[in-house]
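Below is one structure, written out as structure tokens, with a few remarks after it.
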Amino acid sequence: MISKEAILEKVIELIKELAPDEALIKPDTDLIQDLGIESIRVMDMLMVLEDEYDISIELNVLVKVRTPEQLAEAILTLTERKYGTV
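Residue numbers for the sequence shown follow our numbering, so the first one is 206 and each next one is one higher.
Structure below.
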């Protein structure tokens, strides 16, 4: 079973590819407000995460997700539903 910390690490790694070079990315950084990441780029990142964890992230989940930590929690919940918890 993958941990939330490992998922968060992967999420932040992907966000660094999208964010301005000088941006400080923390678990509570707002993807749009703080980093100015365009929603289409966030969607591209989500497709990578879906492939990485073999899950499907529904659009209604995205409405609630604003930070890397919230995204990691959503991914963890989806993986637990699919694969069960340890």
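The beta-carbon is built from N, C-alpha and C at its ideal position, and this holds for glycine as well.
Closest to residue i by C-alpha separation, out of the options, would be which residue?
i	options	result
GLU263	GLU222, THR272, LEU240 and MET252	MET252
ASP256	LYS209, VAL216 and SER208	VAL216
LYS221	VAL268, ASP259 and MET250	MET250
LYS231	THR272, LEU223, LEU283 and LYS287	THR272
GLU227	LEU240, ASP235 and ASN265	LEU240
GLN238	VAL266, VAL270 and THR282	VAL270
ALA224	LEU267, VAL247, ASN265 and LEU254	VAL247
ASP235	ILE207, VAL268 and SER261	VAL268
GLU218	ASN265, LEU254 and GLU243	LEU254
Roughly how many angstroms lie between the CA atoms of residue i and residue j, to the nearest whole one?
i	j	result
GLU285	ASP233	22 Å
ASP259	GLY289	14 Å
GLN275	GLU210	12 Å
Can you have a look at residue i and say buried or exposed, based on whether 16 or more other CB atoms are within 10 angstroms of its CB?
i	result
ILE245	exposed
ILE280	buried
LEU229	exposed
ALA277	buried
ILE212	buried
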